[in-house]
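Residue numbers are given in my numbering: position 96 of the sequence shown equals residue 84, and the series is strictly consecutive. All remarks here apply to the structure that follows.
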Amino acid sequence: MAQETPPLSGLFKNGAERLSLLGKHHHVLMKGYINGFIDETAFSDQTLKKLIAARIVWRPDEQQPLMLRPLVSELIASMVADESRRQINADVAEKLEQIRIKVQSWRDAHYKGDYSIAERQMQRLTELVHDLSGQFEEAIDSLWHRLNNDFGFVSTLNEKISENKRAQNQVRRLLDGLDLIVFHELIEFAENNSSLRKILVSQLQLRVSLHHSSLLAVQQRLVDLMAKFRQQQSRTLLVTNMAAFLHQHPQYQPTSYPERREVPDVFNIASPLSLHASISLDRTVDRQMIAEMLLALPRALVIPPPVPKSAGPVIPPIDEEVAARQVALKMDVEDFYVFAAGQSGPVSALYYLTENHLNWDSEIWLYQVITEYQSLPLADKPRFWQRCDERQASPVNDLRIISDVIIGVRGK
């Protein structure tokens, strides 16, 4: 007769359900492993929620598609012996070295014009960066699980100290691993490429900052749990020792501590009494004495504050020289427009400035010419046209600099 199957434990049940999810959706998950992302349209909303809750797939951030969890990817790579993704030593230094290799491979492919290979290398690089971040996330999640389970259910102080030491060592190793990520080096790798900067600098720096905050919260939790345990241990030790003392001295009778001359400090913890007194107005025999006592009290000298004089309105001083230069600049620009209106062809603003020997900075002059054109009346503005000669600030910067302004009159 076959032996009956014992009731499924919670761990066995969760494991069986998640392995069943892997087997049920193995085609789509394997495609996601090969492509680097999961096709969300192949699943229903309920199935996606189950896969995310089972920690099979995850979304690194809101702008990224769903991906396989790093541990699931490593499991598949180990089973199929995929040497391009197989992780023999999954430490931080090894991941950073692989990131350097992928960046160099992407540069070589991009330089040769092999854009399909470059795109594949960029995909592998993105996966490596997310795997590096996911490695820390899994370790921190494991640490939180240990704090909320193993750390909270130990009976002796030595076991508690041992668990605390293990957790502190894991936090220290994670912090040492985060210190290996040097963003100055990653910025040099990325150079001026926006995609590399987004992956290696902005996204990774945000994740590293979140990991540092999580580890800080873990350390604070460790201190709180240790302090709470020591407090509970001290109370337990007091009760245990008292019970042992009473067991050794069964005839012991505690004396009345209030009747003793010297009360031990541990029992003398009563808060002091706060005495309040007030005037009894219902005793008519004391009214005369109370009135004399009130008259004898010294009176506080109250000095009224001085009344400030009414201040006049504050008018900011006007720099007459600056105002005069603004008026002169506006008049010179108006003369320029009058001159342009009388010409048959377009007129350069800088050429007019040089030919008339006007003492204005070229940048201020061009700014005023553009401002005057924008402030022309609606009836006069259609008579003129404006063109700005622009140049690029640098090959790596899309900033446009206006070098000259051309004003012309439209034909009738």
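Here a beta-carbon is modelled for each residue, glycine too, at the ideal position from N, C-alpha and C.
Would Thr114 be called buried (16 or more neighbouring beta carbons within 10 Å of its own) or exposed?
Counting other Cβ atoms within 10 Å of its Cβ, Thr114 reaches 16 or more and is therefore classed as buried.
Residue from Glu5, Tyr340, Gln123, Ala205 with nearest C-alpha to Glu62
With distances taken between CA atoms, Glu62 lies nearest to Gln123 out of Glu5, Tyr340, Gln123, Ala205.
Checking the sheet assignment: what are the DSSP bridge partners for Val393?
Per DSSP, Cys376.
Report the three-state DSSP secondary structure of Ser336 (helix, strand or coil).
Residue state for Ser336 is assigned as strand, using DSSP reduced to three classes.
Report the three-state DSSP secondary structure of Glu5 (helix, strand or coil).
Three-state result, Glu5: helix.
So Ala132 is in the alpha helix (DSSP H); what residue range does that whole segment cover?
One detail in the question is off: residue 132 reads as Trp in this sequence, not Ala. Counting along the chain, the alpha helix (DSSP H) containing Trp132 begins and ends at 103 to 136.
Where Ser230 and Leu39 are concerned, what is the direct C-alpha to C-alpha distance, given to the nearest angstrom?
Correcting the residue identity first, residue 230 is Met in this sequence and not Ser. One C-alpha to the other measures close to 55 Å.
C-beta contact flag for Arg112 and Lys90 at 8 Å:
Result yes, Cβ atoms of Arg112 and Lys90 sit closer than 8 Å.
Close Cβ partners of Val271 (< 6 Å) along its chain, the five nearest in sequence each way excluded:
Note that residue 271 is Arg in the sequence shown here, rather than Val. Hits under 6 Å: none found.
Can you round the beta-carbon distance between His118 and Met18 to whole angstroms, since I take them to be within the 8 Å contact cut?
Contact annotation, His118 with Met18: C-beta distance approximately 19 Å; criterion of less than 8 Å not satisfied.
Per DSSP, what kind of secondary structure is Trp348 in: helix, strand or coil?
Note: Trp348 maps to coil in three-state DSSP.
Since Gln109 and Ala97 should fall inside the 8 Å C-beta cutoff, what is the C-beta to C-beta distance between them, to a whole number of angstroms?
Correct: roughly 6 Å between the Cβ atoms.
In this structure, what does DSSP give as the bridge partners for Met55?
Partner(s): Trp46.
Residue range of the unbroken alpha helix (DSSP H) whose run includes Gly20
14 to 23 is the span of the alpha helix (DSSP H), which, as asked, contains Gly20.
Could you have a look at Ile76 and say whether DSSP puts it in helix, strand or coil?
Below a pLDDT of 50, predicted positions are generally treated as unreliable, and Ile76, at 40, falls in that range; the measurement from the model is reported next regardless. Note: Ile76 maps to coil in three-state DSSP.
Could you give the first and the last residue of the continuous alpha helix (DSSP H) run that contains Lys369?
Neither: Lys369 is in no alpha helix (DSSP H) and is coded neither H nor E.
Whole-angstrom distance between Val211 and His14, CA atom to CA atom:
When rounded, the distance between both Cα atoms is 44 Å.
Can you name, in chain order, every residue of its own chain whose Cβ lies under 6 Å from the Cβ of Ala328, other than the five neighbours on each side?
Within the same chain, Cβ atoms closer than 6 Å to the Cβ of Ala328 are found at Val335, Ile395, the five residues on either side in sequence being excluded.
N- and C-terminal bounds of the alpha helix (DSSP H) containing Thr224:
For Thr224, the uninterrupted alpha helix (DSSP H) run begins and ends at 192 to 236, by DSSP.
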